[in-house]
Amino acid sequence: MTQSCLLSRGRYRARLAETAADLAAARALRSRAFRTSAPDADAFDAVCDHVLVEDSATGALVATFRLLTLAGGADVGRSYSAQFYDLSALERFEGRMVEMGRFCIDPDRRDPDILRVAWGAMTAFVDAREVKMLFGCSSFAGTKTAAYLDAFAMLKARHLAPRHWLPRVKAPDVFRFAARLRRRPDMKAAMARMPPLLRTYLLMGGWVSDHAVVDRQMNTLHVFTGLEIGAIPPARQRLLRAVAEGAAG
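Quick note: my numbering has the sequence shown finishing at residue 254, numbered continuously throughout.
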């Protein structure tokens, strides 16, 4: 494999973007997936690594995300997420961190292997750089909370951040679901409305902020999501590394 290739599995391969054309393709897919009228681009693109998941047979880009590597918690204020959340509690975190952002899959694709390959690529990246925490913003489509109340109630009941890492409110428009919701979640309904990326984070032991940011520019509701690599259940770690290492062989 080339130096930029993170893994290849079945029909798909994942690699790091190397050229301006690679970045342009990632931005074009983001614009389609997020349904933005203008090209989806910002200043963080220049300081991130960009992962491209491609159809090996056709070269078509089927998924993309970007990764910002930070030396430790002292640098967390440089992250995209820090625009929306007060992350001062995480400044005490010791160990390398990576922020994953702008994750999207081609809206015309329904193959679950795309998500598996994306997470395998993420695992390969994290392992190679000895990352201790993965974090980012996990988004629900739209800005109306009503359809997601069971999902938010489940997050409150089972997946809130440890108090010592808990992000505080910074954005002007938020939904304080942990404080406001008193309902018992319908677990089936909650999982049906949970975004696939967030569902995967939770299966690995991830946690979320106690509030969602209403992001009208991106037309999303999002929660801060953290995952301490050392806390991933051993069985889940083996599955991820089987994808990352087996596909790389």
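Beta carbons: idealized from backbone N, C-alpha and C, even for Gly.
Nothing here was measured: the structure is a model prediction, and the numbers come from that model.
Candidates Tyr85, Arg121, Asp27 and Cys53: closest to Arg16 by CA position: The residue with the shortest Cα to Cα distance from Arg16 is Arg121.
With 16 other Cβ atoms within 10 Å as the buried cut-off, status of Ser42: The residue in question, Ser42, is exposed, as its Cβ has fewer than 16 Cβ neighbours within 10 Å.
Alpha carbon to alpha carbon, how far is Thr74 from Thr205? Give it in angstroms, no decimals. Cα to Cα, the separation comes out at about 21 Å.
So Thr230 packs on Val213, CB below 8 Å; how close in whole Å? With a Cβ gap of about 5 Å, Thr230 and Val213 count as contacting.
Ignoring anything shorter than 4 residues, give me the alpha helix (DSSP H) runs that lie fully in the stretch 79-143, in order along the chain. Runs of the alpha helix (DSSP H) lying entirely within the stretch 79-143, each at least 4 residues long, are 117-133 in chain order.
Just verifying my parser: in three-state terms, what is the DSSP assignment at Thr74? If DSSP states are grouped into helix, strand and coil, Thr74 belongs with the strands.
Please give the ranges of any beta strand (DSSP E) in the stretch 189-228, keeping only runs that are unbroken, at least 3 residues long and fully inside the region. Runs of the beta strand (DSSP E) inside the stretch 189-228: 217-220.
At which residues does the alpha helix (DSSP H) containing Ser61 begin and terminate? In the DSSP assignment, Ser61 falls outside any alpha helix (DSSP H), carrying neither H nor E.
The stretch 153-165 / the stretch 185-195 touching (three or more Cβ pairs under 8 Å): Output reads yes: the stretch 185-195 touches the stretch 153-165.
Is it true that the stretch 241-248 meets the stretch 124-143, where meeting means three or more beta-carbon pairs spaced less than 8 Å apart? Yes, they touch.
Between which residues of its own chain and Ala253 is the CB-CB distance below 6 Å, once the five residues before and five after are set aside? Bear in mind that the predicted position of Ala253 carries a pLDDT of just 44, short of 50, making it unreliable; the figure below should be weighed with that in mind. Excluding positions up to five away in sequence, the list reads Leu12.
Interface flag, Glu99 vs chain C, CB-CB below 7 Å: The structure shown contains no chain C; it holds only a single protein chain.
Does the contact criterion of 3 or more C-beta pairs under 8 Å hold for the stretch 103-118 versus the stretch 138-147? With a cut-off of 8 Å, the stretch 138-147 and the stretch 103-118 count as touching, because enough Cβ pairs lie within range.
So, is Pro177 buried or exposed, given that buried needs 16 or more other C-beta atoms within 10 angstroms? Exposed: under 16 other Cβ atoms inside 10 Å.
Do the stretch 72-89 and the stretch 22-41 make contact, defined as three or more Cβ pairs closer than 8 Å? Contact fails: fewer than three Cβ-Cβ distances are below 8 Å.
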